[in-house]
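Sequential numbering from 217 applies to the sequence shown in this note's numbering.
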Amino acid sequence: MDHRSVGELMTRDVVSVRLDTPFKEIARALSDHGISAVPVLDDGGCPVGVVSEADLLRKAANRSDQSGRTPLPHLEAWERARAEGVVAAEIMSAPALCAHREWTVVEAARLMADRHVKRLPVVDEADGLLGIVSRSDLLRVFLRQDSAIHEEISRDILARTLGLAPPAVTADVEQGQVSLHGAVDDEHTVTVLLRLCGSVDGVVAVSEDLEHPSTSADPAGHPDEGPS
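What follows is the structure in structure tokens.
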């Protein structure tokens, strides 16, 4: 099966800043390019951190409220240091969590979810910046047409991998939801089918209505031999 890689989904034209980039230049870069974060690069062009709108907003939240309606937030020492920072090196979230171009959508999505980040710089083997991949980039796999999903399941999974050509097993796909119908040799094949179909890019859910020998057994566990 063909899976979209991070390298295919990432944005290649990346806006970045350096460790010594001033606060206002970072804010201007975000505004001018309509983005919410920038990677921070060292002198070798490798990502060492990320500055997001949330990092910049910490400075505004740390200022006194002249109206007196809201109290000054309690900040940990490291948060206060970053709120008082004036250049990228002092403001950024570090170290940079990075992805590699050969990663699958699943690998990148799991790292984002586990570390609660919205984007990942993408680096090469020498940790040089290649691009950046965001949540919205990863979600593009779910824009895949039902017809393409159906073709991949029918050709690569049913026919080539498992040898289940129609009419033995067929797949219907609607809005990314796959329904499997037909008959297979055993329950293990059902499990394999569900796992393989669920791993296809663009699939939202998989259900099955597949017959196999155990489905025709009577409650005592004896096969239904039909009328004598």
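C-beta atoms are modelled at their ideal positions from N, C-alpha and C, and glycine is treated no differently.
Predicted model, so just to flag it, every value in this text is computed and none were measured.
Check	Outcome
Residue from 246, 385, 275 whose Cα sits closest to the Cα of residue 399	385
Minimum Cβ-Cβ distance from residue 268 to chain D less than 8 Å	No chain D appears in this structure, which consists of one protein chain only.
Sheet register partners of residue 345 (DSSP bridge)	339
Cβ pair count under 8 Å reaching 3, the segment 363 to 382 against the segment 332 to 350	no
Per DSSP, cross-strand counterpart(s) of residue 263	257
Bridge-paired residues (DSSP) for residue 396	387, 424
Span separating the alpha-carbon of residue 327 from that of residue 319	11 Å
Collapsed DSSP secondary structure at residue 189 in the structure displayed	Nothing can be reported for residue 189: it is not among the residues displayed for the chain, which extend from 217 to 444.
Distance between residue 295 and residue 193 (C-alpha atoms, nearest Å)	Because the chain spans 217 through 444 in this model, residue 193 falls outside it and cannot be assessed.
At least 3 beta-carbon pairs within less than 8 Å: the segment 230 to 247 vs the segment 257 to 265	yes
C-alpha gap between residue 379 and residue 274, whole angstroms	58 Å
Helix, strand or coil at residue 234 according to DSSP, with G and I counted as helix	strand
Reference residue 382; option with closest CA among 321, 419, 369	369
Cβ-based burial, residue 421 [other Cβ within 10 Å; buried from 16]	exposed
Through-space distance from residue 243 to residue 337, alpha-carbon basis	19 Å
Residue 304 (DSSP reduced to helix, strand or coil)	helix
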